[in-house]
Amino acid sequence: MDHELYMRRALEVAHGNPDAPFGCIIADRETGDIVAEGLNDAESIPIVHGETDAILRLGESRPDVDWSRLVLYTTAEPCPMCSGAILWCGIPHVVFGTSIETLKRLGLPQIDLPAEEIASRSTYLGRFEIAGGVLEGECDALFEEMARRVSG
544 MDHELYMRRA LEVAHGNPDA PFGCIIADRE TGDIVAEGLN DAESIPIVHG ETDAILRLGE
604 SRPDVDWSRL VLYTTAEPCP MCSGAILWCG IPHVVFGTSI ETLKRLGLPQ IDLPAEEIAS
664 RSTYLGRFEI AGGVLEGECD ALFEEMARRV SG
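This is the structure in structure tokens:
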């Protein structure tokens, strides 16, 4: 799959909330179709991150989805909650732009536990493969702007 193509769509989704630009899309590896999109709305409901929003939307719209065919693209490395949700769903591939380390460096609140470590400790449905740093500069720019908003 063309990771940059799908990450570009996640970046477009992220622009829907400049105060929390955690955008996510889920694509089917076999067809290439984008099957769900999600955006952070944690200000309204604290657990609605981009990843959980996309997962919930997909589950509602396609209850018979084959989760094992999917790739989740997200503008920032999934937090522990989102990593757990991805594992419980059985999504085998995760691609992100900005790392938790970068979010921490920018002074944004994080739980300092990398997604890869969470996946490596899973005993449920295996683990997910993770690729980070896709369109990292473009994703980082979103969070740098977010950090300026938060501190300003």
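Numbering (the working numbering), first residue to last: 544 to 695. Each residue gets a CB set at the ideal place from its N, CA and C atoms; glycine is no exception.
Taking the C-alpha atoms as reference points, what is the distance between residue i and residue j?
i, j, result
"Ser587", "Phe639", "24 Å"
"Phe565", "Glu547", "16 Å"
"Leu582", "Leu601", "13 Å"
"Gly627", "Asp584", "18 Å"
"Thr641", "Cys622", "12 Å"
"Glu688", "Ile643", "16 Å"
Once DSSP output is grouped into helix, strand and coil, what is the label at residue i?
i, result
"Cys622", "coil"
"His592", "coil"
"Gly602", "helix"
"Gly650", "coil"
"Thr645", "helix"
"Glu580", "strand"
"Ala585", "coil"
"Ala563", "coil"
Would you say residue i and residue j are within 8 Å of each other, going by their C-beta atoms?
i, j, result
"Arg552", "Val614", "no"
When DSSP builds the beta bridges, which residues end up paired with residue i?
i, result
"Ile568", "Glu580, Tyr616"
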